[in-house]
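All remarks here apply to the structure that follows.
Residue numbers (our numbering): 805 to 1445.
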């Protein structure tokens, strides 16, 4: 096998994803996403600096239908992600894992994901990938053929290379690359540095921009790609029509009625740009200007941009400063912190200076005091955990019948212990009546809220707001009973179905459990969970006690007690980072210490889930669950975010 084929094979292995057919079952994705693909991205915006890529990517992202095509290969973006990863995993984020995370961030609920790439970034990516695969440098064509295999391409270019070169010079010397009202750039503006007119630098940039356009075209020709070609001038002049043109080209359905709002991006060109243009055009008529702009190659400007990516970083950004503070709070040595920063591309002198500043920062001193106070709470939880492991009852979930209110309160509710209660649904009509035809006849025309596009987002539960969708209840019932095993669509607790007119008509088919609950049945404290086999709720805890009555189908629960919160890698909110079904112990080694108890809840059974207990849920069949929170006992608690 040739060296190049070996490289391609290993790249394909590292980027292999489930086929899009398996990931997009909701029927709302574009045609390109319905073919098996190695690409982490559905489409790529190929461009060069100052071609209007911010204008295009912001416009596509604002529709909510075309992913979030940011500059994911930008050093600043990658460094921010690396710092966040370090804070939660205490390990470095590898290039291939970063690209997969970027794809997740770049996706919208319909499965579309996008990225914009400058040519110099593609060259840099090829150089970074080669050492881990084969002892040779991969070409940009090799990278485009693997990292972006089967993706669609948009070529965004600019006709007026003179104005583009002037804009590039000003942006590169001021570090002002874009301006959006109300949004601060994460780049450090070169305050007080007014750029000086430099005709020679502009000429080199113009030649480099023309050359890089030819290089993009060569990549397209080599791969037989016919990209959608957009020009900055038309995009700026006819913004809405060009955004719609790109959406239609991506075959995103029902865009004809979409109203594209005005661009958020502010125009940065000013009278200075026009004054420089006149001076530059005069320079180009001189012998020196003619010589510079007629050069066959124009690498200098792009090489300078690439050098900015490749050289050690001199300024430690806020994301890494937060990691430094975290490391100091964890009593890591200054030397080890500096070593990590240097490994991640920062100049050793800059890293040492930043760590030294952190050591004397009074804010960090206050945080250290607070950490010691909270550390005592953590120590207490560890002690409680150690004691609870001595109790054999904590290794299983009790199954009980005829559980009195007093025993339920003392042995389970007050003791914060889960229990599975049987025989509570014998008087309910719902288990027998709630067939698809019955539900359609009672509430089929009701517009319900559910989560869609879950398959393409590993964090869909934490990102619930991004996946909200609406449908007639009858249409959703048909999807659920289509026979597919999928996690792509799910009616979760936030749907307020029982507060709707048609939903309230179903309240007569069940009643609260008088032994444990207030006799409230107005739908405000009971919630319907409804979805096909294969729906998953990732590992999380609730902020109140819950009774979950299984009306139809089976669900498998995996539970972890709250005293073991330290082991589930809780970042924020109520969700864990750990995939409970396939834990990655390399990144989450402490999860080995968690005691996971598994129980399958059968139709007709009711599971009491105590407040704070971590649980992962998978539906084994088409499943209907009604959850209650209106206990006869106190059930309101204050939680820190």
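Ideal placement from N, C-alpha and C gives every residue a C-beta, glycine not left out.
Computed from a prediction, not measured in an experiment: that's the story for all the values here.
Cα-Cα separation between residue i and residue j, rounded to whole angstroms
i            : j            : result
residue 1363 : residue 1388 : 18 Å
residue 1161 : residue 970  : 38 Å
residue 1337 : residue 1424 : 5 Å
residue 889  : residue 1040 : 37 Å
residue 864  : residue 909  : 15 Å
residue 882  : residue 906  : 9 Å
residue 1433 : residue 961  : 57 Å
residue 877  : residue 915  : 20 Å
residue 1441 : residue 1077 : 59 Å
residue 1390 : residue 1001 : 53 Å
residue 992  : residue 1374 : Bear in mind that the predicted position of residue 992 carries a pLDDT of just 49, short of 50, making it unreliable; the figure below should be weighed with that in mind. Those two C-alpha atoms are separated by around 32 Å.
residue 1083 : residue 1090 : 11 Å
residue 835  : residue 956  : At residue 835 the pLDDT is 32, less than 50, meaning the model places this residue with poor confidence and gives no usable figure here.
residue 1027 : residue 1080 : 39 Å
residue 903  : residue 1035 : 28 Å
residue 1371 : residue 1401 : 15 Å
residue 964  : residue 856  : 12 Å
residue 831  : residue 1057 : For residue 831, the predicted structure reports a pLDDT of 32, less than 50, and the residue's modelled location is therefore unreliable. The matter cannot be settled from this model.
residue 911  : residue 1085 : 43 Å
residue 1461 : residue 1012 : Any question about residue 1461 goes unanswered here, given that the chain covers just 805 to 1445.
residue 1214 : residue 1207 : 11 Å
residue 851  : residue 929  : 15 Å
residue 932  : residue 1384 : 33 Å
residue 1262 : residue 1187 : 33 Å
Cβ-Cβ distance between residue i and residue j below 8 Å
i            : j            : result
residue 858  : residue 923  : no
residue 1344 : residue 1378 : yes
residue 1293 : residue 1212 : no
residue 1356 : residue 1405 : no
residue 1289 : residue 1271 : no
residue 1368 : residue 1409 : no
residue 1340 : residue 1291 : yes
residue 1257 : residue 1277 : no
residue 1008 : residue 1096 : yes
residue 1087 : residue 1005 : no
residue 874  : residue 920  : yes
residue 1044 : residue 1064 : yes
residue 1171 : residue 1129 : yes
residue 1253 : residue 1307 : no
residue 1347 : residue 1415 : yes
residue 846  : residue 917  : yes
residue 1031 : residue 1124 : no
For residue i, the nearest candidate out of the options (CA to CA)
i            : options                  : result
residue 1413 : 1430, 1426 and 1397      : 1430
residue 1398 : 883, 1208 and 1189       : 1189
residue 1054 : 925, 870 and 1008        : 870
residue 1233 : 1316, 1422 and 1036      : 1316
residue 1221 : 1287, 972 and 1417       : 1417
residue 1024 : 965, 952 and 1073        : 952
residue 1350 : 885, 1330 and 1366       : 1330
residue 897  : 1169, 875 and 1144       : 1144
residue 1122 : 1151, 1134 and 1158      : 1158
residue 1140 : 1074, 895, 1182 and 1426 : 895
residue 1437 : 1092, 1218 and 1392      : 1218
residue 1298 : 1310, 926 and 1332       : 1332
DSSP-derived helix/strand/coil call for residue i
i            : result
residue 911  : strand
residue 1082 : helix
residue 1440 : coil
residue 1413 : strand
residue 1232 : coil
residue 891  : helix
residue 1274 : strand
residue 1181 : helix
residue 1376 : coil
residue 952  : coil
residue 898  : coil
residue 1394 : helix
residue 1289 : coil
residue 1367 : helix
residue 1389 : coil
Counterpart residues of residue i in DSSP-defined beta bridges
i            : result
residue 1151 : Beta-bridge pairing links residue 1151 to no other residue.
residue 1189 : None, per the DSSP bridge assignment.
residue 1448 : Within the shown structure, residues of the chain are numbered from 805 to 1445, placing residue 1448 beyond reach of any answer.
residue 1225 : 1204 and 1410
residue 1264 : DSSP lists no partner for residue 1264.
residue 1431 : 1331 and 1352
residue 1253 : 1274
residue 850  : 921 and 959
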